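What the sequence shown shows, in the numbering used here, is residues 7 to 155, in sequence order. No residue lacks a Cβ here, since even glycine has one placed at the ideal position from N, Cα and C. What you are looking at is a predicted structure, and each value in this text was computed from that prediction instead of being measured. The next block holds one structure in the form of structure tokens; read it before the comments.
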Amino acid sequence: MESLFKRAKAFIGIEEEDDNGYIPEDNRQLDISQVIKPRREMPVGDNISEIIVYEPKIYEDSLNISGNLRKGKPVLINLRSLDPSEGTRLIDFICGAAYAIDGHMMKIGDSIFLFTPSSVKITDAEERASIGEEITSFDSQKETFFSRQ
């Protein structure tokens with residue numbers, strides 16, 4: 007019992023160590039009750055280097071579109087070349103794929119949709135204005151650009 011106290015004091019630094027400098031380590035068993043799950047790698051949102059633009063001709067193009075979305079690439083879809091009923095089916099399929107990966111969707115125009123993976127947030131001008139960011143309209147940017155030339 008006395009040696010236990012000596013080792014404890016030596017461990018804390020109150021008493022000098024034994025001649026050989028050995029301090030026994032704590033031999034407690036670690037409780038491993040949590041299962042560690044491997045992280046699923048997702049691309050970082052700041053490194054988006056491309057947006058894939060699709061103008062699908064048939065419903066089966068939805069497989070390629072959803073594949074790129076799963077790879078972490080934002081996808082812009084123009085449905086003007088697709089029958090309206092097939093366009094609805096295609097958008098429903100892509101919405102399901104986006105939902106499965108926690109992605110985002112925004113209708114840009116009558117037949118144009120933007121889908122992004124979870125690492126890319128879609129923010130429109132009204133939302134940016136509500137959080138206090140200054141927004142410059144496209145027309146004023148265009149006038150500034152052309153007046154310089």
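Helix, strand or coil at residue i [DSSP, three-state]
i    : result
I58  : strand
L75  : helix
T94  : helix
K12  : helix
I118 : strand
L69  : helix
I83  : strand
Whole-number beta carbon distance between residue j and residue i, since they are thought to touch under 8 Å
i    : j   : result
I100 : S72 : 6 Å
Beta-carbon contacts of residue i that lie in its chain and below 7 Å, excluding the five residues immediately before and after
i    : result
Y65  : E92, R95, L96
I128 : H110, M112, L120, T122
Neighbourhood of residue i by C-beta distance below 8 Å, restricted to the same chain and skipping five residues each side
i    : result
F119 : L82, I83, L85, I97, I100, M111, M112, K113
D67  : Y60, L96
N74  : I58, V81
Under 7 Å between C-beta atoms of residue i and residue j
i  : j    : result
S6 : D108 : Look at the range of the chain in this structure, 7 to 155, and you will see that residue 6 is not part of it.
Neighbourhood of residue i by C-beta distance below 6 Å, restricted to the same chain and skipping five residues each side
i   : result
P80 : I57, T122, V126
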